[in-house]
Amino acid sequence: MKFAIPTQFGKLCGHFGHCEKFAIVETKDGEILSESYLEPPMHQPGAYPKFLAEHGVNVIISGGMGNRAQALFQQNNIEVCVGVQPDEPVKLVKAYWKGNLATGSNLCDH
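Residue numbers for the sequence shown follow our numbering, so the first one is 158 and each next one is one higher.
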């Protein structure tokens, strides 16, 4: 399973559209296989969901994301987790696998 985490300064960015890079964490049976970083394409409506789908992402973990972006990720069969507080990408993925990834209110207001 492949996770995308929008990052800024090495931690989850509050809004996925403002990230410096996407951390891509690949797992198998809950074990971390690899962590790499991708430079995002220019921020345009629909660009990030398509870009991450092309890279085989299954889950995006984000602090905030607009409703349209969430719908586009879901159309690309990418699970969306929003309202997550900033932390290191690998820690967030481990929390997801343990079933204790803390989600909450979407940190995005659009």
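Idealized CB from N, CA, C, for every residue including glycine.
Given the structure is predicted, the values throughout are model-derived calculations rather than measurements.
* **Reduced DSSP secondary structure (H/G/I, E/B, other) of V214** => coil
* Assign A161 to buried or exposed, taking buried as 16 or more other Cβ atoms, counted over all protein chains shown, within 10 Å of its Cβ. => buried
* Rounded to whole angstroms, how far is the Cβ of G171 from the Cβ of P243, which I believe are closer than 8 Å? -> 7 Å
* So what does DSSP say about Q232, is it helix, strand or coil? -> helix
* To do: Compare the C-alpha of K168 against each of E183, Y194, K159 and K185 and name the closest.
  => Y194
* Asked: Using DSSP with H/G/I as helix, E/B as strand and the rest coil, what is Q242?
  -> coil
* To do: Quick one: residues in its chain with C-beta nearer than 6 Å to the C-beta of F173, no 5 flanking neighbours on either side, listed in chain order?
  => P163, S219 and M222
* Test item: CB-CB of L229 and P197 under 8 Å -> no
* To do: Determine the closest residue to D186 out of V237, W254 and G261, with distance taken between C-alpha atoms.
  => W254
* In terms of alpha-carbon separation, which member of I181, A252, I217 and E183 lies closest to N234? -> I217
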